[in-house]
Amino acid sequence: MPWFRSWKIIRKEGNVVGTTLLEALDSIMPPACPIEKPLRLSLQDVYKTGGIGTVPVGQVETGILKPGMVVIFAPCNITAKVKSVEMHRKALAESLPGDNMGFNVKNVSLKDIRQGNVAGDSKNDLPLGMGASSPG
Numbered sequence: 001m002p003w004f005r006s007w008k009i010i011r012k013e014g015n016v017v018g019t020t021l022l023e024a025l026d027s028i029m030p031p032a033c034p035i036e037k038p039l040r041l042s043l044q045d046v047y048k049t050g051g052i053g054t055v056p057v058g059q060v061e062t063g064i065l066k067p068g069m070v071v072i073f074a075p076c077n078i079t080a081k082v083k084s085v086e087m088h089r090k091a092l093a094e095s096l097p098g099d100n101m102g103f104n105v106k107n108v109s110l111k112d113i114r115q116g117n118v119a120g121d122s123k124n125d126l127p128l129g130m131g132a133s134s135p136g
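Each residue of the sequence shown is one higher than the one before, counting from 1 in the UniProt record's numbering.
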């Protein structure tokens, strides 16, 4: 197109210039993956699966979730051991920030946890529920 000359991205690391959409897409830098922060996993839903048990489903916001971890759900303060982690019906050795996945927990009823709860590692910087006096 004669009216289109080029595009330009200004970054701290240096400017990037190109002429095609493909070059523009290739120049996008992915966001940092906050795996060094404590586990925070927001629950989108909780299911009861026959033969498996309670399966919370959600997205890892920070940290890493692995089978064998003991997680705590806030604000209900219920702890549970993670038996398995799956995404699209495939078992995972770990789940990273951005992953939408489900995980099987031991000895937790469907009534104990719910959408909106936040899971965190019980051994590292516990998640906290918002208090009644918290703004927002």
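For each residue, glycine too, the CB sits at the ideal point set by N, CA and C.
Here the structure is a predicted model, which means the values were calculated and not measured.
Original post:
Looking only at C-alpha atoms, which of Gly120, Asn124, Lys123 and Gly116 sits nearest to Gln44?
Top reply: Here residue 44 refers to the residue found at position 44 of the sequence shown. Gln44 has its Cα closest to that of Gly116, out of Gly120, Asn124, Lys123 and Gly116.
Subject >> According to DSSP, residues forming a beta bridge with Gln59 >> reply: In the sequence shown, counting from the first residue as 1, residue 59 sits at position 59. Answer is Ser42 and Asn100.
Original post:
Among the residues of its own chain, which have a CB less than 6 Å from the CB of Asp125, if the five just before and after it don't count?
Top reply: Here residue 125 refers to the residue found at position 125 when the sequence shown is read from its first residue. Within the same chain, Asp125 has close Cβ partners Pro38.
Original post:
In whole angstroms, what is the alpha-carbon distance linking Leu22 and Leu65?
Top reply: Numbered from 1 along the sequence shown, position 22 holds the residue referred to as residue 22. Numbered from 1 along the sequence shown, position 65 holds the residue referred to as residue 65. One C-alpha to the other measures close to 34 Å.
Original post:
Is the beta carbon of Ala80 less than 9 Å from the beta carbon of Gly120?
Top reply: Mapped onto the sequence shown, residue 80 falls at position 80. Mapped onto the sequence shown, residue 120 falls at position 120. No; because the gap between Cβ atoms is not below 9 Å, this pair is not in contact.
**OP:** Look up Leu92 in the DSSP assignment and say whether it is helix, strand or coil.
**Re:** Start at 1 with the first residue of the sequence shown, and residue 92 comes out as number 92. In the structure shown, Leu92 sits in coil (DSSP, three-state: anything other than H, G, I, E or B).
Original post:
Any idea which residues DSSP pairs Ile72 with across the strands?
Top reply: To locate residue 72, count along the sequence shown from 1; it is residue 72. Beta-bridge pairing links Ile72 to Thr79 and Gly120.
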